[in-house]
Every structure is written in structure tokens, then in C-alpha cells.
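Engineer: Sharing a structure here in C-alpha cells format.
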Amino acid sequence: DAGITQSPRHKVTETGTPVTLRCHQTENHRYMYWYRQDPGHGLRLIHYSYGVKDTDKGEVSDGYSVSRSKTEDFLLTLESATSSQTSVYFCATESTGTSKGEQYFGPGTRLTVT
Amino acid sequence: GENVEQHPSTLSVQEGDSAVIKCTYSDSASNYFPWYKQELGKRPQLIIDIRSNVGEKKDQRIAVTLNKTAKHFSLHITETQPEDSAVYFCADHTGGGNKLTFGTGTQLKVEL
């Protein structure tokens, strides 16, 4: 599982509050990704990072921001949580070279916004 | 943007039968096609993949085929077992953007 952990694993929060999810990896992979998973939509990319301090938007980035201050950690922040952000959030990492494209997922964070 | 269509959305087979899941993609620059298996409440796990310079790849009971001309690829599971029951996702990867685009998933149920 590429040594990927996510915290917290479960969180319930109220509408309008800020929330930060953490992804930590021990594999020294260059690329890191945040996805959300909702029924009927599969996995949709929120933001991704191709190196320390280098990030870019995915297809569903509105309402989310990210930061990557060191290789091991990729943070996802919901500035002001809304009920539409209730979802399961997965972090993933990807190496380079011959393994390019192979993404490995963390265990996920179930977020409920009430 | 890139689009990946996956069919069927649900698939029920008898134990021992074969299962086939198909995906089509739109970006001709796509060069890597992984398949993930996700059991209930668990993370997606990479089970097999294929790169664009190969037409077929097999790993025990699972195989993936790729038709670049038609822009579709398929997952084949033979001799299905109850533990194959899960949601399966296809994806494609465009080298330039270094991103995966996922299909919407197939719920496979293997019945005894």
C-alpha cells in the first residue's frame, strides 16, 4: 500500500467550518493526489502535486485548497465545509520512471458535513 | 477534458463463469490503462495494468486487452470466485498531464 496513511479516518463537522485532511507517505513518491468518491461518480480528482510546493487543480477543485511543504505530506483543506462535500476522500501517490502512472491509494477519510 | 466510459455498471455472474468489463476513452494520447478493485469500505487496489505498446496482458485469472484503434480496453476475469465480488474501476493516463481519469465503476457480484 505504498506506506500511505490518512488522518483523520472519520470526521463529522458542521457546515461553514474549516476542515483539513492529511495524507502522509513514506515511499518518497514525487506525485500525490486527492480524490473524492461519491456513488455514481467513481473517483474524481480534486487537486494534485508534482513536487514540493507544486500543485495544480483537478476536475472538482472548487471549495478546496491544498498544500505540500515537504515530500511526505499533502494537505487538503475545505475552507468552509458544505453538505455537498460530504464524501469519502482518498489520497494517492505515484512514482516516476518505469512505474509512471501506477497510483497507490491511502485508506480513505470519510467526511460528513451536517 | 478526457472521458472514460465504463460498462456495465453492475454485473452478476455464477461462480466459475467469466466476467468482462469494458471501457472506452477519448484521448488518443492516453498511454497507460490500469484496473482497480475496491472491496466494500476499502481502498482501491491496483490489480492489473497495460501500456499502449502492448495488446494484451494476463495475470493468472485476470487479463486486460487494449484496442488503441477503437480506443477501448477490457478486463477479463475467468473462473470467477466469490472473493472477486467488488467494484472494479478502469482508468486511463495521459503522459502529459500525469493524471488518471477513472470510469464510474462496475459492481461485480459472483453468486454461488
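In order, the protein sequence lines correspond to chains B and Z. Taking the numbering used here, the leading residue of the first sequence gets 32, the next gets one more, and so forth. Taking the numbering used here, the leading residue of the second sequence gets 10, the next gets one more, and so forth. Cβ atoms here follow ideal geometry from the backbone N, Cα and C, with glycine treated the same way.
#1: Thr113 (chain Z) versus chain B: which residues are under 7 Å apart at the beta carbon?
#2: When Cβ atoms are compared, which residues of the region 103 to 128 of chain B fall closer than 7 Å to chain Z?
#3: List, in chain order, every chain B residue whose beta-carbon is nearer than 7 Å to that of Asn107 (chain Z).
#4: Please name the residue in B:Val144, B:Glu103, B:Val97, B:Glu110 whose C-alpha comes closest to that of Ser126 (chain B).
#5: Against Pro138 (chain B), what residues of chain A qualify as contacts under a CB-to-CB distance less than 7 Å, listed in chain order?
#6: If we require 3 or more residues per run, which beta strand (DSSP E) segments fall completely within the region 15 to 90 of chain Z?
#7: For Tyr41 (chain Z), which residues in chain B fall below 9 Å Cβ to Cβ?
#8: Residue range of the beta strand (DSSP E) that Thr86 (chain B) falls in?
#9: Go ahead and pull the three-state DSSP assignment for Gly34 (chain B).
#10: Is there at least one Cβ from chain B nearer than 7 Å to His102 (chain Z)'s Cβ?
Structural biologist: The answer reads as follows:
#1: Gly71, His72, Gly73
#2: Phe121
#3: Tyr62, Tyr81
#4: B:Glu103
#5: Absent from the structure: chain A. Protein chains present are B and Z.
#6: 19 to 23, 28 to 34, 39 to 47, 54 to 60, 65 to 68, 71 to 76, 81 to 86
#7: Lys131, Gly132, Glu133
#8: 85 to 88
#9: coil
#10: yes
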